[in-house]
Each structure stands twice: as structure tokens, then as C-alpha cells.
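Comments concern the structure below.
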Amino acid sequence: MRLKHTTIAAALAVLALYGGLIASLVWFFDAATFRAALASERTLFSVRLSLIAATVSTLLALLFAVPAAYALSRFPFRGREAVETVLEFPIIVSPAALGAILLIFFNNPLGEWLQANVIHFVFAFAGIVLAQFVTILGVAVRMLKTAFDAVPVELETVARTLGAPPRHAFFTITLPLAKNGLIAAFILTWAKALGEFGATLMVAGTMAMRTETLPIAIFMRLASADIEGTVALILVLVAIGLGALFVARRLLRSAAHA
Amino acid sequence: MLDIEGLAARAGSFTLADVRLAIDAGRCHALLGPSGAGKSTLLAAVLGTLPIVRGRIRLAGADITALPVEARRIGYVPQRLGLFPHLTVADNLAYSARARKLQARDFQPLLNRLIEITGIGALLGRRPATLSGGERQRVALVRALAADPRLVLFDEPFTALDEGLRRELWWLVKDLQEARGLTVLLVTHDLAEAHFLADRITVLIAGRVAQSGASTALYRRPANLAVARFLGLRNLFPARIVAPGKVHCAALGGTLAAATDGRGAGKVWLAIRAEHVALRLPDTPPRADAQRLVGRFDAVLDLGESAVLHFRAATGARLEIRCGSRVLRKYGFAAGQAAEIDLPAGDCFVLPDAPPADA
Numbered sequence: 000m001r002l003k004h005t006t007i008a009a010a011l012a013v014l015a016l017y018g019g020l021i022a023s024l025v026w027f028f029d030a031a032t033f034r035a036a037l038a039s040e041r042t043l044f045s046v047r048l049s050l051i052a053a054t055v056s057t058l059l060a061l062l063f064a065v066p067a068a069y070a071l072s073r074f075p076f077r078g079r080e081a082v083e084t085v086l087e088f089p090i091i092v093s094p095a096a097l098g099a100i101l102l103i104f105f106n107n108p109l110g111e112w113l114q115a116n117v118i119h120f121v122f123a124f125a126g127i128v129l130a131q132f133v134t135i136l137g138v139a140v141r142m143l144k145t146a147f148d149a150v151p152v153e154l155e156t157v158a159r160t161l162g163a164p165p166r167h168a169f170f171t172i173t174l175p176l177a178k179n180g181l182i183a184a185f186i187l188t189w190a191k192a193l194g195e196f197g198a199t200l201m202v203a204g205t206m207a208m209r210t211e212t213l214p215i216a217i218f219m220r221l222a223s224a225d226i227e228g229t230v231a232l233i234l235v236l237v238a239i240g241l242g243a244l245f246v247a248r249r250l251l252r253s254a255a256h257a
Numbered sequence: 000m001l002d003i004e005g006l007a008a009r010a011g012s013f014t015l016a017d018v019r020l021a022i023d024a025g026r027c028h029a030l031l032g033p034s035g036a037g038k039s040t041l042l043a044a045v046l047g048t049l050p051i052v053r054g055r056i057r058l059a060g061a062d063i064t065a066l067p068v069e070a071r072r073i074g075y076v077p078q079r080l081g082l083f084p085h086l087t088v089a090d091n092l093a094y095s096a097r098a099r100k101l102q103a104r105d106f107q108p109l110l111n112r113l114i115e116i117t118g119i120g121a122l123l124g125r126r127p128a129t130l131s132g133g134e135r136q137r138v139a140l141v142r143a144l145a146a147d148p149r150l151v152l153f154d155e156p157f158t159a160l161d162e163g164l165r166r167e168l169w170w171l172v173k174d175l176q177e178a179r180g181l182t183v184l185l186v187t188h189d190l191a192e193a194h195f196l197a198d199r200i201t202v203l204i205a206g207r208v209a210q211s212g213a214s215t216a217l218y219r220r221p222a223n224l225a226v227a228r229f230l231g232l233r234n235l236f237p238a239r240i241v242a243p244g245k246v247h248c249a250a251l252g253g254t255l256a257a258a259t260d261g262r263g264a265g266k267v268w269l270a271i272r273a274e275h276v277a278l279r280l281p282d283t284p285p286r287a288d289a290q291r292l293v294g295r296f297d298a299v300l301d302l303g304e305s306a307v308l309h310f311r312a313a314t315g316a317r318l319e320i321r322c323g324s325r326v327l328r329k330y331g332f333a334a335g336q337a338a339e340i341d342l343p344a345g346d347c348f349v350l351p352d353a354p355p356a357d358a
């Protein structure tokens with residue numbers, strides 16, 4: 000019983016920590032400032048920019064992560080261990096360092112050529128998407144690999160003995176069975192992209208009404224000592240993030256009962 | 000129908016070496032072997048999920064060695080059945096037809112017939128998770144057969160079932176196999192299952208074919224010590240052939256008559272099946288070829304249908320004896336009781352001293 004109570008206390012302490020931090024914002028909460036901040040064109044721009052950039056970067060990440068995770072889950076190949084190791088790269092290197100690496104890359108000849116001839120990243124929307132993409136790709140691959148690992152290979156083998164080519168078996172058996180993992184991966188990586196700050200700051204800068212995502216906007220408000228405005232934006236970010244997690248849990252629960 | 004010639008394959012550190020196997024059309028062939036013998040590796044090579052190092056696999060005269068899994072037309076019922084949990088029974092059964100883009104008229108008549116034979120018509124709208132063990136087995140069986148395969152591979156699909164259900168499904172598979180002329184490769188570690196369903200048996204030990212032949216022949220004459228032990232033969236004693244039909248066995252107290260199968264003088268193992276050892280009974284005259292041993296019972300176990308007696312000869316040798324429970328009850332044999340047994344010469348045979356290098 001002591002173990003049970005101790006572990007439950009630890010779990011509730013986690014809730015108390017994060018809940019307490021969010022609740023502490025109430026101290027500086029001002030309804031009028033909150034309404035004004037919500038209605039301001041600059042806030043709406045930040046919300047819109049954050050939602051669009053996070054969605055684009057998440058979709059791009061999944062486009063790479065789904066096949067990469069499947070390969071890691073199913074096939075032995077040369078370099079597999081290196082790929083698995085590099086997935087942790089964005090976790091062990093701080094987002095700011097990751098952004099700095101990107102910025103340095105765009106200052107070498109290849110990066111400069113890309114910027115001049117393909118797409119301009121630095122201090123641009125594409126830079127925000129790239130910064131978020133690089134930050135979330137490893138996590139997305141890791142989560143999707145876990146989802147594919149949970150689908151028995153035997154089911155694919157049976158599907159193939161029934162005449163399904165590998166691609167057909169993947170789309171009709173593996174992918175539907177990994178659906179819960181895919182949904183979870185999409186929402187969690189999207190939420191992570193939405194809150195991304197360090198790499199975005201390095202690559203896209205802090206230009207109001209241009210590269211001002213919600214986390215950048217929070218940073219800029221705080222830098223100008225606008226505490227009430229900062230609190231308002233934090234609450235918006237928290238609401239969107241928690242909303243996404245709530246939707247994810249509901250979707251996963253209904254998928255599990257389907 | 001299926002011809003495997005000199006197949007070698009590698010799965011991790013395990014190697015399958017020079018496997019030869021032939022199954023005639025319409026026959027059931029059982030692949031037996033202890034855990035880690037290479038049964039699953041061989042199955043994977045035949046299915047096409049494991050690339051082979053050497054050799055050739057022919058099915059219905061065509062070389063399928065290089066064909067992908069989906070082009071081999073081999074039905075597969077794995078141990079855990081592999082029913083697709085997100086699809087209804089109907090969708091599981093129609094999966095093959097959809098994957099091959101078949102018209103309903105090309106698969107529905109066969110599917111309907113199989114559904115009728117196996118009695119799963121009422122299950123079509125249900126998901127696999129809601130089915131009982133027996134229902135799941137039937138669905139997996141129909142799904143594999145509905146694809147009209149040239150060969151069906153069963154990988155221990157009856158292992159997790161209770162005895163009654165297992166026997167019921169054996170009959171179903173046997174009836175289907177005979178009625179539809181199916182060619183079957185059955186992987187099992189259950190000797191009774193192999194004897195019930197298969198005409199021929201191949202015993203795989205340590206990645207090699209240790210023996211292959213008619214199921215009755217394997218029962219009567221295991222090829223070597225490893226096969227005999229795997230097949231459950233317990234009464235094995237070191238001996239020496241002293242003349243054709245005569246072996247000297249110190250453990251059993253002297254020279255005994257046994258089938259020496261044309262072998263010359265030399266070291267062998269003397270073998271007799273537990274069910275062939277005869278108890279000397281007061282009201283039954285011994286067989287003409289009886290060879291008497293005296294000793295006592297160490298243990299007597301009544302298993303319901305049959306009984307097992309552990310006999311220790313005066314020489315110290317231990318033998319296992321199987322008989323009907325009725326015999327046990329009628330004569331009241333008990334542990335510690337002095338007894339006499341007979342080793343009929345016609346049931347004693349010899350095995351080579353060591354397994355051959357290449358069986």
C-alpha cells in the first residue's frame with residue numbers, strides 16, 4: 000500500500016506542478032487586457048501563423064516520418080543504427096543550437112544557393128516551417144516506429160500470402176492498424192511544433208507581423224515588460240495546446256473502442 | 000507438387016542446411032522437430048519471407064524460388080492465425096479476392112461452399128476479437144482456402160486449443176484436405192497431430208532433415224537416436240551386435256534377439272517402445288518370442304485411458320511400460336511390487352550408435 004500511495008502522490012505532484020504554474024498566471028490576469036490582446040490584429044496574426052506553420056511542418060514531417068519509421072520497424076539495412084541514433088539529435092541538441100546550425104548552413108555556398116534559387120528561408124515563413132520541421136522530425140519518426148512495431152509482421156505476411164503486394168498490405172493492414180499511433184504522433188508533434196521557439200527565433204527572427212509565431216510573440220511581449228499581454232498570449236497557447244491534447248485523447252479513445 | 004531441393008537458409012545465427020523435401024499433390028506432409036530445429040525458418044523460406052542461400056523450391060512444376068510471397072499462391076495459417084482485427088469476418092474472407100481484384104463470380108462460389116462446410120455463415124458481420132478460439136480457427140482456415148492456394152502451410156495452428164476442440168478441427172482439416180485434394184505442409188510438435196493428419200512426416204533436427212518417410216515407418220523405425228528421442232522413445236540401451244538378429248546388452252543382462260536390419264557387428268542402441276513391452280500376466284501365456292526380465296515397479300501412473308509403469312530390472316536398467324488402464328486395475332499393479340516383463344524379440348530393434356553426418 001505504501002508503494003501505491005507513494006506512486007499516486009508522485010503522479011498527482013506532476014499535475015500540481017503544471018496546474019499550479021498555469022494557475023499562477025491568474026495573478027497577472029486582466030480580463031480587459033486579455034480581451035484586447037485576443038482581438039488585436041497582431042495576436043490573431045500570431046495565432047494564424049502558428050497554426051498554419053505547425054500544420055505544414057507536421058504534415059511535412061509525417062510525409063518523411065511514415066516511410067522512415069516503417070523502414071526502421073521492418074527492414075534490416077546498412078546505416079539503420081546510425082538513423083536510430085540521429086533521431087535523438089533534436090532532443091540532445093537544444094532547439095536554439097539546432098536553429099543556429101540551420102542559420103550557419105544558409106550562410107555556406109550550398110545554403111546561399113538554395114536561398115537564392117529555390118526558396119528563401121532566413122527571416123521568412125519557410126524558415127519557421129523548416130525550424131519546426133527539423134525539431135519535430137526525430138520525435139515523429141520515433142513515435143511512428145513504435146506504432147508500426149505494435150503491428151505484428153505476421154499480419155503483413157498473411158496479407159501477402161492472400162495475394163496482396165507489399166504496398167497493398169501496408170495501406171490495407173499496417174496503416175489502419177497503426178492509426179491510433181499515427182493520430183497520436185500527428186497531434187503531439189503538431190503541439191510540439193506549435194510551441195517551438197528556439198530554432199524559430201534563430202532562423203526566422205522576431206519580426207512583428209512577419210515571423211511572429213505565438214511563442215515569439217510571448218517573448219517579444221515579455222521583452223517589452225508587457226506582463227498582462229504576455230499572460231494573455233500564454234493562455235491562448237495553453238488553450239490551443241491542451242485543446243489539441245484533449246482532442247487527441249478523445250480520438251484515440253474512440254478509435255480504441257471502434 | 001512441392002519439391003524442395005538442397006535448400007540452405009540463414010536466420011540470424013541459425014542455419015538450415017541442405018533440406019530436401021517432396022510432397023505429392025493432394026497429400027498432407029507433417030514437419031516435426033523440437034523447438035529451434037528450423038521448422039519456422041523452413042516455412043519462411045517456402046513462403047518467401049526469408050531469402051534462401053542455396054537450393055530451389057518448385058511448386059506444381061514451376062520454380063518459385065525467386066517469386067515474391069504474393070505470387071506463390073501458398074495459403075498460410077500461422078499459429079496465432081493472423082486474422083485482421085480491424086476487419087469483419089466477411090472482409091477477412093474477401094481480402095484475397097479484393098487484393099487480386101477478382102470478380103465476385105470468380106471467388107464467391109468457392110467461398111460460399113467453404114463457409115457452408117465450416118458453418119461460419121453466422122459470423123460474417125463480427126470482428127475477430129468477438130470470436131471463440133474454434134470460430135477463429137475456422138475463419139482463418141476458410142480465408143486461406145478461399146484464395147484457392149496450390150499449397151497450404153499450417154504453422155502449429157491448433158496449439159492453443161483444448162483437446163476436444165483440437166480433435167474436432169483435425170477432422171475438419173482432414174475432411175477438407177481429402178475432399179478438396181489439398182496439398183498441405185503441417186508444422187507441428189504434436190506427434191498425434193502429425194499421425195492423424197499426415198501421410199508422411201519429416202523430422203527436422205538442428206537445421207537438418209533427420210528422417211523423412213511414411214508416418215508409420217517413422218513410428219516403427221526411427222533413423223537414429225536423436226529422432227527416436229524426439230519421437231518419445233524412452234527405452235534405449237547401449238548394445239553391441241554380436242550376430243545377425245542378436246545383440247548383447249549389458250544393461251538388460253545379456254544377449255537378446257532384435258531386428259538388426261542387416262547391420263554388421265558393432266556398437267548400436269537397442270530400442271523397444273514402451274507400448275511394446277509386455278507385462279507378464281498370470282492368465283496370459285507369454286509370446287513365443289518373449290524375452291523375460293525380472294525386477295520391480297518403481298512407479299505406477301493411471302492416466303485414465305492408459306497407464307504408465309516405471310520398471311527397474313534386476314540389472315538396474317529402467318524401462319517405461321505403457322498399457323491400458325483396465326490391465327492396471329484388473330491386476331492391481333503397484334509401486335514397489337516385484338514383477339516380470341517380456342521384451343518381444345519382434346519389437347526390439349537397433350539404432351545406429353551416433354546420428355549419421357548427413358541424414
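Protein sequence lines, in the order shown, are assigned to chains W and Z.
For the first sequence, the tail end lands on 257 under numbering that gives the first Met the number 0, and the numbers increase by one without skipping.
For the second sequence, the tail end lands on 358 under numbering that gives the first Met the number 0, and the numbers increase by one without skipping.
Ideal placement from N, C-alpha and C gives every residue a C-beta, glycine not left out.
Query	Result
Rounding to the nearest angstrom, what Cα-Cα distance links E227 (chain W) and F124 (chain W) in this structure?	27 Å
Kindly give me the distance between the Cβ atoms of G132 (chain Z) and L164 (chain Z), rounded to whole angstroms, as I take these residues to be in contact under 8 Å.	7 Å
Based on the DSSP output, what are the partners of C364 (chain Z) in its beta bridges?	The question about residue 364 (chain Z) has no answer here: the residues shown for chain Z are numbered 0 through 358.
Under 7 Å, do V293 (chain Z) and A273 (chain Z) count as touching if we go by C-beta distance?	no
Which one or two residues does DSSP pair with E83 (chain W) in a beta bridge?	In DSSP, E83 (chain W) forms no bridge with anything.
Grouping DSSP H, G and I as helix and E and B as strand, with all else coil, what is A250 (chain Z)?	helix
Answer yes or no: do Y75 (chain Z) and T160 (chain W) have a C-beta to C-beta separation smaller than 7 Å?	yes
Give the list of continuous beta strand (DSSP E) stretches no shorter than 3 residues that lie fully inside the segment 29-97 of chain Z.	51-58, 73-76
How far does the beta strand (DSSP E) with S305 (chain Z) in it extend, from its first residue to its last?	305-312
Name, please, each residue of chain W whose Cβ falls closer than 7 Å to the Cβ of T48 (chain Z).	T156
Nearest to A222 (chain Z) by alpha carbon, out of Z:A250, Z:W268, Z:L160, Z:L251?	Z:W268
Report the three-state DSSP secondary structure of E155 (chain Z) (helix, strand or coil).	coil
Can you name the residues of chain Z whose CB is closer than 7 Å to the CB of G162 (chain W)?	E69, S95, A98, R99, A146
List the residues of chain C that R79 (chain Z) touches, going by C-beta distances under 9 Å, in chain order.	Chain labels in this structure do not include chain C; the protein chains are W and Z.
Just to check my reading of the structure: A203 (chain W) and A130 (chain W) have Cβ atoms closer than 8 Å, yes? What is that Cβ distance to the nearest angstrom?	6 Å
State yes or no: is the beta carbon of R73 (chain W) nearer than 7 Å to at least one beta carbon in chain Z?	no
Would you list, in chain order, the members of the segment 168-180 of chain W that have their beta-carbon closer than 7 Å to a beta-carbon of chain Z?	I172, P175, L176
Please list the terminal residues of the continuous alpha helix (DSSP H) segment that includes T210 (chain W).	T210 (chain W) -> no alpha helix (DSSP H), and no H or E assigned at all.
Which complete alpha helix (DSSP H) runs does the segment 100-182 of chain W hold, if anything under 4 residues is left out?	108-116, 124-148, 152-160, 165-168
Determine the direct distance from the alpha carbon of F120 (chain W) to that of A231 (chain W), and round the result to whole angstroms.	29 Å
Nearer than 6 Å: is that true of the beta carbon of R166 (chain Z) relative to any heavy atom of the ligand ZN?	The model depicted lacks the ligand ZN and carries no ligand whatsoever.
Count the C-beta pairs between the segment 169-177 of chain Z and the segment 197-208 of chain Z that are closer than 8 Å, then say yes if the count reaches three, no if not.	no
F83 (chain Z) versus chain W: which residues are under 9 Å apart at the beta carbon?	L154, V157, A158, T171, I172, P175, L176
Quick one: Cα of F169 (chain W) to Cα of P151 (chain W), how far?	12 Å
Note down, in chain order, all residues in the segment 205-230 of chain Z with a beta-carbon under 8 Å from any beta-carbon belonging to chain W.	none
Run through the DSSP bridge pairs and tell me what K245 (chain Z) is partnered with.	Z:A242, Z:A256
When DSSP labels each residue in this structure, what does R19 (chain Z) get in the three-state scheme?	strand
Is the distance from the Cβ of A89 (chain Z) to the Cβ of L123 (chain Z) below 7 Å?	yes
When you compare only the Cα positions, how much space is there between I63 (chain Z) and G11 (chain Z)?	23 Å
Assuming P94 (chain W) contacts T134 (chain W) under a Cβ cut-off of 8 Å, what Cβ separation, rounded to an integer in Å, is found between them?	6 Å
Give the residues from the segment 96-125 of chain Z that approach chain W closer than 7 Å (Cβ to any Cβ), ordered along the chain.	A98, R99
Can you give the Cα-Cα distance for D17 (chain Z) and G5 (chain Z), rounded to whole angstroms?	4 Å
How would you write the range of the alpha helix (DSSP H) that R1 (chain W) sits in, first residue to last?	1-22
Are the C-beta of I73 (chain Z) and some C-beta of chain W separated by less than 7 Å?	yes
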